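*Asks:* Okay, so the sequence shown: first residue is 59 according to my numbering, each after it adds one. Ideal Cβ positions, reconstructed from N, Cα and C, are used throughout, including at glycine. Bear in mind that the values here come from a model prediction, so they are computed numbers and not experimental data.
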Amino acid sequence: MNVLIIGSGGREHALAWKVMQSPRLTKLYIAPGNAGTAACGENVPLDVSDHATVTRFCREKRIDLVIVGPEIPLAEGMVDALSGSGIRCFGPKQAAAQIEASKVFAKDFMIRHNIPTARYATFSGFDDAIRYLEIVDYPIVIKASGLAAGKGVILPATVEEAKSTLKEILVGRAFGEAGDEVVIEERLSGQEVSLMAFTDGTSVVPMLPAQDHKRLLDGDNGPNTGGMGAYAPAPIFASALMNEAMESVLKPAVDGLRNEGTPFVGVLYAGLILTEDGLRVLEFNGRFGDPETQIVLPLLETDLLDIIEACMDSKLNDVVIRWKNGAAVCVVLASKGYPEKAESGKVVAFDALPENVICFHAGTKIDNGNIVTAGGRVFGVTAWADGIASAVRDVYANIGKVWFEGVQYRKDIARLAL
Ligand code: AMP
Ligand code: GLY
Numbered sequence: 059m060n061v062l063i064i065g066s067g068g069r070e071h072a073l074a075w076k077v078m079q080s081p082r083l084t085k086l087y088i089a090p091g092n093a094g095t096a097a098c099g100e101n102v103p104l105d106v107s108d109h110a111t112v113t114r115f116c117r118e119k120r121i122d123l124v125i126v127g128p129e130i131p132l133a134e135g136m137v138d139a140l141s142g143s144g145i146r147c148f149g150p151k152q153a154a155a156q157i158e159a160s161k162v163f164a165k166d167f168m169i170r171h172n173i174p175t176a177r178y179a180t181f182s183g184f185d186d187a188i189r190y191l192e193i194v195d196y197p198i199v200i201k202a203s204g205l206a207a208g209k210g211v212i213l214p215a216t217v218e219e220a221k222s223t224l225k226e227i228l229v230g231r232a233f234g235e236a237g238d239e240v241v242i243e244e245r246l247s248g249q250e251v252s253l254m255a256f257t258d259g260t261s262v263v264p265m266l267p268a269q270d271h272k273r274l275l276d277g278d279n280g281p282n283t284g285g286m287g288a289y290a291p292a293p294i295f296a297s298a299l300m301n302e303a304m305e306s307v308l309k310p311a312v313d314g315l316r317n318e319g320t321p322f323v324g325v326l327y328a329g330l331i332l333t334e335d336g337l338r339v340l341e342f343n344g345r346f347g348d349p350e351t352q353i354v355l356p357l358l359e360t361d362l363l364d365i366i367e368a369c370m371d372s373k374l375n376d377v378v379i380r381w382k383n384g385a386a387v388c389v390v391l392a393s394k395g396y397p398e399k400a401e402s403g404k405v406v407a408f409d410a411l412p413e414n415v416i417c418f419h420a421g422t423k424i425d426n427g428n429i430v431t432a433g434g435r436v437f438g439v440t441a442w443a444d445g446i447a448s449a450v451r452d453v454y455a456n457i458g459k460v461w462f463e464g465v466q467y468r469k470d471i472a473r474l475a476l
């Protein structure tokens, strides 16, 4: 098979690394890719928002399968465009991708299908939203409805801060169109679990439950980020919780989307929070998580191309999905200044890593033959071993082997699970 992966982050390097291991692969392309994916296949500098260009490329290179990594191309209808031209493309169509691209859609959808989630109200007018703040009787979170690269969720500390946040979004248009509508939602507390699942539109098979670390600093302090590290499987997510998540979240979501005439084929990601009153959905994503993919795929034994093909042929039940025993831990190496204003252009030095440790690239590029930093999150160093404790030990024992000026990372990834 000739395969094209869309995207350029750590998730896409992990996808490329896994696809590269398939005996079915003939040639792999990544658009646009990064310095890490260049070692798995051929990077191509395509403008992925230009569907006609991507279609032409797929015809020319006889691409048998396109795998879409990020949410923006899904929301822009890349799967509709390519499959309309007869090119096989893995991911939800635009209408189903609304489950991630519109938080207003996702919340209303959850209510229609009895999927447990936080109480909420939605607003497009500033005055109405402010009036709601006066009467709401629960602590709140404010969310821009549209895609905002993980920055659209604000946890205001005071009513004043809530008001100024609403003003920035609805009047100042801080998130542009993504903030045309906002969700004001009940603030919940508890441990969070990322549960991704493969689905063919009818059947659902969960992947290993993972935990992400969103805050910049040790002890879950500092600002929110795209994710500073993750581990899987999450021991807190015992089998009773997995059953509950399947029955009360994943199956009703996939059935609901199909019954509403927008079947979802791809990876459905439920962001869950385990509250005192039970499990609740914080969000859905319509794609692989980042950095969750960097820990889940190294533990996947089955050929990813077999699973993806089964999803697209409505035959997910026919494949047996096998996982390695043990656990994986990923620690993100970020640039100085991340998440506010990250440095870039720093040359990276590498030492050889042992077989159970891999350095997935995110914000890197090749410049004059050197690998240089090119973004906030630069690498995800991932180790897998027979348990979380040994994976933690191996990842931190080797983390100094990837170095650039100003590197910052958390020292306590997965500590919660030990
Ligand atoms: P989301 O993109 O909706 O998952 O939100 C990003 C992060 O904001 C989550 O991973 C949580 O840490 C936090 N968050 C979102 N919604 C809530 C909520 N209702 N209560 C508490 N924290 C939340
Ligand atoms: N790790 C969070 C996300 O992929 O959205």
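Can you give me the Cβ contacts of I198 inside the same chain, cut-off strictly under 8 angstroms, excluding the 5 residues immediately before and after it?
*Replies:* Indexing the sequence shown from 1 puts residue 198 at position 140. Hits under 8 angstroms: L191, P214, A220, I242, E243, E244 and R245.
*Asks:* Suppose you measure from the CA of L355 to the CA of L73; what does that come to, to the nearest Å?
*Replies:* Translated into the one-based positions of the sequence shown, residue 355 becomes position 297. Translated into the one-based positions of the sequence shown, residue 73 becomes position 15. Each residue's alpha carbon lies about 7 angstroms from the other.
*Asks:* Per DSSP, N282 is paired with what?
*Replies:* For the purposes of this step, residue 282 is taken as the residue at position 224 of the sequence shown. Looking at the DSSP assignment, N282 forms a beta bridge with R273.
*Asks:* R189: buried (16+ other C-beta within 10 angstroms of its C-beta) or exposed?
*Replies:* As a position in the sequence shown, residue 189 is number 131, starting the count at 1. Result: exposed.
*Asks:* Taking 9 angstroms as the cut-off, decide whether the C-beta atoms of P291 and A268 are in contact.
*Replies:* Along the sequence shown, read from residue 1 onward, the residue named residue 291 stands at position 233. Along the sequence shown, read from residue 1 onward, the residue named residue 268 stands at position 210. Yes. Within cutoff.
*Asks:* Near I145, which residues of its chain fall below 7 angstroms by C-beta distance, leaving aside the five closest residues on each side in sequence?
*Replies:* As a working mapping, residue 145 is identified with position 87 in the sequence shown. Correct list, in chain order: T113, C116, I121 and V124.
*Asks:* At 3 residues or longer, and completely inside the region 334 to 419: list those beta strand (DSSP E) runs for me, N to C.
*Replies:* DSSP runs (the beta strand (DSSP E)) wholly in the region 334 to 419: 336 to 343, 385 to 392 and 415 to 419.
*Asks:* Measure the Cβ-Cβ separation of D238 and G204 and say whether it is below 9 angstroms.
*Replies:* In the sequence shown, residue 238 corresponds to position 180, counting from 1. In the sequence shown, residue 204 corresponds to position 146, counting from 1. Against a cut-off of 9 angstroms, the Cβ pair of G204 and D238 comes out as a contact.
*Asks:* Kindly give me the distance between the Cβ atoms of L86 and V106, rounded to whole angstroms, as I take these residues to be in contact under 8 angstroms.
*Replies:* As a position in the sequence shown, residue 86 is number 28, starting the count at 1. As a position in the sequence shown, residue 106 is number 48, starting the count at 1. With 8 angstroms as the limit, L86 and V106 do not qualify as a contact, their Cβ atoms being about 16 angstroms apart.
*Asks:* Name the two residues that bound the continuous beta strand (DSSP E) containing L474.
*Replies:* Along the sequence shown, one-based indexing puts residue 474 at 416. Taken as a continuous stretch (DSSP letters only), L474 belongs to no beta strand (DSSP E), as it is neither H nor E.
*Asks:* Between which residues of its own chain and E463 is the CB-CB distance below 6 angstroms, once the five residues before and five after are set aside?
*Replies:* Locating residue 463 in the sequence shown gives position 405, where the first residue counts as 1. Result list for E463: K404, in chain order.
*Asks:* L308 and T360 - do their beta-carbons sit closer together than 9 angstroms?
*Replies:* Taking the first residue of the sequence shown as position 1, residue 360 is located at position 302. Taking the first residue of the sequence shown as position 1, residue 308 is located at position 250. No; because the gap between Cβ atoms is not below 9 angstroms, this pair is not in contact.
*Asks:* Could you check whether L391 and V439 sit closer than 9 angstroms to each other, using their CB atoms as the reference points?
*Replies:* Taking the sequence shown and counting its residues from 1, the one referred to as residue 439 is at position 381. Taking the sequence shown and counting its residues from 1, the one referred to as residue 391 is at position 333. Against a cut-off of 9 angstroms, the Cβ pair of L391 and V439 comes out as a contact.
*Asks:* If you follow the beta strand (DSSP E) that K459 is in, where does it begin and where does it stop?
*Replies:* As a first step, residue 459 is located in the sequence shown; it is residue number 401 there, counting from the start. K459 -> no beta strand (DSSP E), and no H or E assigned at all.
*Asks:* Output the residues surrounding the ligand AMP, defined as those with a CB atom closer than 5 angstroms to any ligand heavy atom, in chain order.
*Replies:* Result (chain order): A176, V199, V211, E243, R245, L246, G329, L340 and E341.
*Asks:* Are at least three pairs of beta-carbons, each pair with one atom in the region 93 to 104 and one in the region 373 to 392, less than 8 angstroms apart?
*Replies:* As far as the Cβ criterion goes, the region 93 to 104 does not touch the region 373 to 392, which means the pair count is below three.
*Asks:* Taking its Cβ as the centre, do 16 or more other Cβ atoms sit within 10 Å of A207, making it buried, or is it exposed?
*Replies:* Along the sequence shown, read from residue 1 onward, the residue named residue 207 stands at position 149. It is exposed - the Cβ of A207 has fewer than 16 other Cβ atoms within 10 Å.
*Asks:* Taking 9 angstroms as the threshold (C-beta atoms), are A400 and G433 in contact?
*Replies:* Start at 1 with the first residue of the sequence shown, and residue 433 comes out as number 375. Start at 1 with the first residue of the sequence shown, and residue 400 comes out as number 342. Yes, they are a contact pair.
*Asks:* What are the partner residues of T30, as DSSP defines its beta bridges?
*Replies:* Residue coverage of the chain in this structure runs from 59 to 476, which leaves residue 30 outside it and unanswerable.
*Asks:* Can D348 be considered in contact with the ligand GLY, in the sense that its beta carbon sits closer than 8 angstroms to one or more heavy atoms?
*Replies:* By 1-based counting over the sequence shown, the position of residue 348 is 290. Result yes, Cβ under 8 angstroms from the ligand GLY.
*Asks:* Going by other Cβ atoms of all chains shown within 10 Å of its Cβ, with 16 needed for buried, is E158 buried or exposed?
*Replies:* Translated into the one-based positions of the sequence shown, residue 158 becomes position 100. Buried, because 16 or more other Cβ atoms sit within 10 Å of the Cβ of E158.
*Asks:* Rounded C-beta distance between A155 and G344? I'm assuming under 8 angstroms.
*Replies:* Along the sequence shown, read from residue 1 onward, the residue named residue 155 stands at position 97. Along the sequence shown, read from residue 1 onward, the residue named residue 344 stands at position 286. That pair is a contact at about 5 angstroms.
*Asks:* Inspect the beta-carbon positions of H419 and P310 and report whether they are closer than 9 angstroms.
*Replies:* Stepping through the sequence shown from its first residue, residue 419 is reached at position 361. Stepping through the sequence shown from its first residue, residue 310 is reached at position 252. Contact: no.
*Asks:* Cβ of E270 versus every heavy atom of the ligand GLY: is any distance shorter than 8 angstroms?
*Replies:* Against the sequence shown, residue 270 aligns to sequence position 212. A small correction: the amino acid at residue 270 is Asp; Glu does not occupy that position in the sequence shown. Yes, Cβ of D270 sits closer than 8 angstroms to a heavy atom of the ligand GLY.
*Asks:* What would DSSP say about S107, mapped onto helix, strand or coil?
*Replies:* Here residue 107 is taken as the residue at index 49 of the sequence shown, counted from 1. Of the three classes helix, strand and coil, the one that applies to S107 here is coil, per DSSP.
*Asks:* Return the chain-ordered list of same chain residues with a C-beta closer than 6 angstroms to the C-beta of M300, the five sequence neighbours on each side being excluded.
*Replies:* As a position in the sequence shown, residue 300 is number 242, starting the count at 1. Excluding residues within five positions, none has a Cβ falling inside 6 angstroms.
*Asks:* Nearest to G183 by CA position, among G91, I130 and K225, is which residue?
*Replies:* Start at 1 with the first residue of the sequence shown, and residue 183 comes out as number 125. It is K225.
*Asks:* Looking at the secondary structure, which residues open and close the beta strand (DSSP E) in which F233 lies?
*Replies:* Here the question's residue 233 lines up with position 175 in the sequence shown. Looking at the DSSP string, F233 is not in any beta strand (DSSP E), and its letter there is neither H nor E.
*Asks:* Can you tell me whether A407 is buried or exposed? The criterion is at least 16 other CB atoms within 10 Å of its CB, across all chains shown.
*Replies:* On the sequence shown, position 349 is the one that residue 407 refers to. So A407 ends up on the exposed side.
*Asks:* Do E334 and G248 have their beta-carbon atoms positioned less than 9 angstroms apart in this structure?
*Replies:* Looking up residue 248 in the sequence shown gives position 190. Looking up residue 334 in the sequence shown gives position 276. In contact: G248 and E334 (Cβ atoms closer than 9 angstroms).
*Asks:* Can you determine whether any heavy atom of the ligand GLY sits closer than 8 angstroms to the C-beta of S34, and answer yes or no?
*Replies:* Residue numbering for the chain in the displayed model covers 59 to 476; residue 34 lies beyond these limits and cannot be assessed.
*Asks:* What do you get for R435, buried or exposed, if any count of 16 or more other CB atoms within 10 angstroms of its CB means buried?
*Replies:* Position 377 of the sequence shown, counting from 1, holds the residue named residue 435. Burial call: buried.
*Asks:* Enumerate in chain order the residues of its own chain whose CB-to-CB distance from K151 is below 6 angstroms, with the five nearest sequence positions on each side excluded.
*Replies:* Along the sequence shown, read from residue 1 onward, the residue named residue 151 stands at position 93. Excluding sequence neighbours, K151 sits near V137 and D138.
*Asks:* For I193 and V240, which I take to be in contact (beta-carbon distance under 8 angstroms), what is that distance rounded to the nearest angstrom?
*Replies:* Locating residue 193 in the sequence shown gives position 135, where the first residue counts as 1. Locating residue 240 in the sequence shown gives position 182, where the first residue counts as 1. With 8 angstroms as the limit, I193 and V240 do not qualify as a contact, their Cβ atoms being about 16 angstroms apart.
*Asks:* Using a threshold of 8 angstroms, is the CB atom of G344 nearer than that to any non-hydrogen atom of the ligand GLY?
*Replies:* Here residue 344 is taken as the residue at index 286 of the sequence shown, counted from 1. Answer for G344: no, Cβ out of range of the ligand GLY.
*Asks:* Closer than 7 angstroms by C-beta to I353: which residues in its own chain qualify, once you throw out the five before and the five after it? Chain order, please.
*Replies:* Here residue 353 refers to the residue found at position 295 of the sequence shown. Within the same chain, I353 has close Cβ partners A268, A288, Y289, A290, A386, V387, C388 and T440.
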